[in-house]
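Protein chains: 2
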Amino acid sequence: MGVVVSLEDGKHRDASVKPLVDKTRGDMDRVNQLILSKAGSDVALIPEVANHLISSGGKRLRPMLTLASATMFGYTGEAHVKLATSVEFMHTATLLHDDVVDESDLRRGRSTARMIWGNQASVLVGDFLLGQSFKMMVEVGSLDALDVLSTAAAVIAEGEVLQLSVAKNMETTEDDYLSVIRAKTAALFSAACEVGPIIAGCGKAERNALRSYGINLGLAFQLIDDVLDYGGSSSDLGKNVGDDFREGKITLPVVLAYRRGSEAERAFWREAIEGGQADDQSLEKAMGLLAKYGSLKDTTMRAEHYASIARDALAPLPDSDEKSALLEVIAFCVNRAN
Amino acid sequence: MGVVVSLEDGKHRDASVKPLVDKTRGDMDRVNQLILSKAGSDVALIPEVANHLISSGGKRLRPMLTLASATMFGYTGEAHVKLATSVEFMHTATLLHDDVVDESDLRRGRSTARMIWGNQASVLVGDFLLGQSFKMMVEVGSLDALDVLSTAAAVIAEGEVLQLSVAKNMETTEDDYLSVIRAKTAALFSAACEVGPIIAGCGKAERNALRSYGINLGLAFQLIDDVLDYGGSSSDLGKNVGDDFREGKITLPVVLAYRRGSEAERAFWREAIEGGQADDQSLEKAMGLLAKYGSLKDTTMRAEHYASIARDALAPLPDSDEKSALLEVIAFCVNRAN
Numbered sequence: 377m378g379v380v381v382s383l384e385d386g387k388h389r390d391a392s393v394k395p396l397v398d399k400t401r402g403d404m405d406r407v408n409q410l411i412l413s414k415a416g417s418d419v420a421l422i423p424e425v426a427n428h429l430i431s432s433g434g435k436r437l438r439p440m441l442t443l444a445s446a447t448m449f450g451y452t453g454e455a456h457v458k459l460a461t462s463v464e465f466m467h468t469a470t471l472l473h474d475d476v477v478d479e480s481d482l483r484r485g486r487s488t489a490r491m492i493w494g495n496q497a498s499v500l501v502g503d504f505l506l507g508q509s510f511k512m513m514v515e516v517g518s519l520d521a522l523d524v525l526s527t528a529a530a531v532i533a534e535g536e537v538l539q540l541s542v543a544k545n546m547e548t549t550e551d552d553y554l555s556v557i558r559a560k561t562a563a564l565f566s567a568a569c570e571v572g573p574i575i576a577g578c579g580k581a582e583r584n585a586l587r588s589y590g591i592n593l594g595l596a597f598q599l600i601d602d603v604l605d606y607g608g609s610s611s612d613l614g615k616n617v618g619d620d621f622r623e624g625k626i627t628l629p630v631v632l633a634y635r636r637g638s639e640a641e642r643a644f645w646r647e648a649i650e651g652g653q654a655d656d657q658s659l660e661k662a663m664g665l666l667a668k669y670g671s672l673k674d675t676t677m678r679a680e681h682y683a684s685i686a687r688d689a690l691a692p693l694p695d696s697d698e699k700s701a702l703l704e705v706i707a708f709c710v711n712r713a714n
Numbered sequence: 377m378g379v380v381v382s383l384e385d386g387k388h389r390d391a392s393v394k395p396l397v398d399k400t401r402g403d404m405d406r407v408n409q410l411i412l413s414k415a416g417s418d419v420a421l422i423p424e425v426a427n428h429l430i431s432s433g434g435k436r437l438r439p440m441l442t443l444a445s446a447t448m449f450g451y452t453g454e455a456h457v458k459l460a461t462s463v464e465f466m467h468t469a470t471l472l473h474d475d476v477v478d479e480s481d482l483r484r485g486r487s488t489a490r491m492i493w494g495n496q497a498s499v500l501v502g503d504f505l506l507g508q509s510f511k512m513m514v515e516v517g518s519l520d521a522l523d524v525l526s527t528a529a530a531v532i533a534e535g536e537v538l539q540l541s542v543a544k545n546m547e548t549t550e551d552d553y554l555s556v557i558r559a560k561t562a563a564l565f566s567a568a569c570e571v572g573p574i575i576a577g578c579g580k581a582e583r584n585a586l587r588s589y590g591i592n593l594g595l596a597f598q599l600i601d602d603v604l605d606y607g608g609s610s611s612d613l614g615k616n617v618g619d620d621f622r623e624g625k626i627t628l629p630v631v632l633a634y635r636r637g638s639e640a641e642r643a644f645w646r647e648a649i650e651g652g653q654a655d656d657q658s659l660e661k662a663m664g665l666l667a668k669y670g671s672l673k674d675t676t677m678r679a680e681h682y683a684s685i686a687r688d689a690l691a692p693l694p695d696s697d698e699k700s701a702l703l704e705v706i707a708f709c710v711n712r713a714n
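Going down the list, the sequences are from chains A and B. Numbering-wise, this note's numbering puts 429 at position 53 of the first sequence, and it's gapless, one number per residue. Numbering-wise, this note's numbering puts 655 at position 279 of the second sequence, and it's gapless, one number per residue.
As structure tokens, then:
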């Protein structure tokens, strides 16, 4: 049953990703081998660029979700390892392209691939990983899993373009922003979880439960990430506090502070975000406004709302180590902000 | 039997893509409708960017190849229209990313999408089209077709990275260059043709025939494109004469002239291509060297070699309108250079 924690309120201080890590350790070893092998190529630049990001110490939460979502329904084959690797490759490809689009210098505390090898290599190696990802899915041979994952790929890209469209527009509503993160972050969490019951041969109820768990966990995860961007430290998060602000990225804390602010405060946000005046001095002022209007606290509360939905999505499923581990991941994600 | 032309020597002056266009007209109407519908999105930027390239008057040779490759074996269903659209979307996605990687200003005589909407939108809308492409393939539900097309996607991207690796390296051999275009151009031609017999339920012989036709047609097509870059006119080709040279791109005409040249001439090529001195004055000198060593003529001869293989690949298949049309496309592709 993993570590015994009170999960009801999602706030248990000791909640950890460790039960999920422990439960998926053997399969993750094979995922990690497959990642290295499928990122290989005679074209030396491909493994160089891919491994830079792959070895940079991401949590690999998504592939662990796929593995646990399959084994919790008694799945004992090999397909979940391939699909977990596919999911991680889709994620890695997205990060490579994201860093080009956002012109980011740092990711997980290291220089981005584009800073070392240029935008060209980042775009093309991302395309290669996406191609390898699809090849692996096809090898598994489940049309239902292919449907879920290929739909996610299109939705993610659509979400990225939507984000580009709403970028630097301070009139973005909370609903607009939710549409963006539902597509660009939550869709892959959801697909990563749903393919588990699919390859385990489960019915609609189990698929729906894992899909709902995944999408709501993804929303909570992204909202907490947005909070941490204004509150974590560079070494913890692998990026600098206020990166989103400096890049003129609109996230929920900013949406809330803007909408709750005075006319003068709204003018400040517009100048900073839309006018490109987001320097360190205005970051300080922004942090003050976020505090004044409780934007970080309330974004965390919104995340807890989605966390609750994720918990209830799993509620009807029989108890298992995997279910406990997945529930604890919800608490872990939300607690990062506390 | 279509237009009666002498195809044996591949040089018939009247060879045209018209028989293929005529034969696939009805199906292409449905492909074009599907292209518009699947490039649609509530995110307005997506159809804007996609339709800019889609409406720019490409020949849509690849989807026509898919359609003819299916109907020539008596296929009467709907899957070929979806796969043809998938193939065109893969191609369009590649072009969007290519223009970012090559920093191109013009394509088919118009400003590239990246010049109008920026690199960010070009990368992300390319990703979206790739996602939609995979979704359509999955809808068709043929794992064999999925295997061929997803493999092509990975190979294409690998070829693009390989091209990046050999870029501006004058020691590139003819074999190196062939590896690049086999991956980045011929692989999609090949996949576009092979999925026809697959969905028509044919055996290995027909699949192999169409795959071989496709890959060799693709090689011939790309080599002639390389020749035209030094010989066409801006209005004909939709780009300027010498664009490849100015971008420091190494193509077969340059490989041949460099290897056949004197030490002084090789120094010129290195300075121009590797040293970034490829201005209009050096283009003139380059054109002189290409003429001196018969590089354009010999590249055309190499293309004719692959064209012959493509013709022989189809030889054992029973006569049909589609077969005649596909044979004439070979002659058409090669004749563009004459």
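The C-beta atom is built at its ideal place from N, Cα and C for all residues, glycine as well. On a predicted model such as this, the values are computed, not experimentally measured, just so you know.
Under 7 Å from the C-beta of residue i: neighbouring residues of chain B
{"i": "Leu540 (chain A)", "result": "Leu421, Gln496, Ala497 and Leu500"}
{"i": "Thr527 (chain A)", "result": "Lys511"}
Any chain B beta carbon closer than 9 Å to residue i
{"i": "His467 (chain A)", "result": "no"}
{"i": "Thr548 (chain A)", "result": "no"}
{"i": "Gln532 (chain A)", "result": "With the sequence shown as reference, residue 532 (chain A) is identified as Ile, and Gln is not the correct amino acid for it. Closer than 9 Å to some Cβ of chain B, the Cβ of Ile532 (chain A) qualifies, so yes."}
{"i": "Glu536 (chain A)", "result": "yes"}
{"i": "Asp523 (chain A)", "result": "yes"}
{"i": "Ser610 (chain A)", "result": "With a pLDDT of only 41 at Ser610 (chain A), under 50, the local geometry of the prediction cannot be trusted, and the value read off the model is given with reservation. By this cut-off, Ser610 (chain A) is not an interface position."}
Closer than 9 Å to chain A by CB, residue i
{"i": "Ser417 (chain B)", "result": "yes"}
{"i": "Ser638 (chain B)", "result": "no"}
Cross-chain neighbours of residue i in chain B, by beta carbon under 9 Å
{"i": "Asp620 (chain A)", "result": "Those do not exist, as Asp620 (chain A) stays about 16 Å from chain B at its closest Cβ, beyond 9 Å."}
Partners in chain B for residue i, counting only beta-carbon separations shorter than 8 Å
{"i": "Leu690 (chain A)", "result": "Neighbours of Leu690 (chain A) on chain B: none; closest Cβ ~28 Å, over 8 Å."}
Helix, strand or coil at residue i according to DSSP, with G and I counted as helix
{"i": "Leu693 (chain B)", "result": "coil"}
{"i": "Arg486 (chain B)", "result": "strand"}
{"i": "Lys544 (chain B)", "result": "coil"}
{"i": "Asn616 (chain B)", "result": "coil"}
{"i": "Glu479 (chain B)", "result": "coil"}
{"i": "Ser610 (chain B)", "result": "Annotation note: pLDDT 41 at Ser610 (chain B) (below 50); position unreliable, coordinate value reported separately. Helix, per DSSP."}
{"i": "Glu582 (chain B)", "result": "helix"}
{"i": "Ala707 (chain A)", "result": "helix"}
{"i": "Ser518 (chain B)", "result": "coil"}
{"i": "Tyr669 (chain A)", "result": "coil"}
{"i": "Gln653 (chain B)", "result": "coil"}
{"i": "Asp403 (chain A)", "result": "helix"}
{"i": "Ile574 (chain B)", "result": "helix"}
{"i": "Arg436 (chain B)", "result": "coil"}
{"i": "Glu454 (chain B)", "result": "coil"}
Check whether the stretch 700-708 of chain B touches the stretch 653-661 of chain B, taking contact to mean three or more Cβ pairs, one atom from each stretch, closer than 8 Å.
no
Does the structure place the stretch 467-486 of chain B close enough to the stretch 494-513 of chain A that three or more beta carbon pairs sit under 8 Å?
yes
Taking any Cβ of chain B, which residues in the stretch 488-518 of chain A have a Cβ under 7 Å from it, in chain order?
Gln496, Ala497, Val499, Leu500, Val501, Asp503, Phe504, Leu506, Gly507, Gln508, Phe510, Lys511, Val514 and Gly517
Just checking, does the stretch 667-685 of chain A make contact with the stretch 619-632 of chain A on the three C-beta pairs under 8 Å criterion?
Output reads yes: the stretch 619-632 of chain A touches the stretch 667-685 of chain A.
Would you say the stretch 426-443 of chain B touches the stretch 480-491 of chain B, given that touching needs at least three Cβ pairs under 8 Å?
yes
The stretch 449-480 of chain A: which residues have C-beta closer than 7 Å to a C-beta of chain B, in chain order?
Along the stretch 449-480 of chain A, going in chain order, the ones with a CB nearer than 7 Å to a CB of chain B are His473, Val476 and Val477.
The stretch 536-547 of chain B contacting the stretch 510-526 of chain A, beta-carbon criterion three pairs below 8 Å:
no
Inspect the CB distances between the stretch 564-575 of chain B and the stretch 439-456 of chain B and report whether three or more fall short of 8 Å.
At 8 Å Cβ cutoff, the stretches touch.
Does the structure place the stretch 642-656 of chain A close enough to the stretch 675-683 of chain A that three or more beta carbon pairs sit under 8 Å?
no
The stretch 553-561 of chain B contacting the stretch 506-519 of chain B, beta-carbon criterion three pairs below 8 Å
no
Do the stretch 688-705 of chain A and the stretch 398-415 of chain B meet, that is, are 3 or more Cβ pairs less than 8 Å apart?
no
Is it the case that the stretch 583-603 of chain B contacts the stretch 689-697 of chain B, given that we only count it when at least three CB pairs across the two stretches are under 8 Å?
In short, these stretches touch, since the Cβ pair count reaches three.
The stretch 503-512 of chain B / the stretch 524-533 of chain A touching (three or more Cβ pairs under 8 Å)
yes
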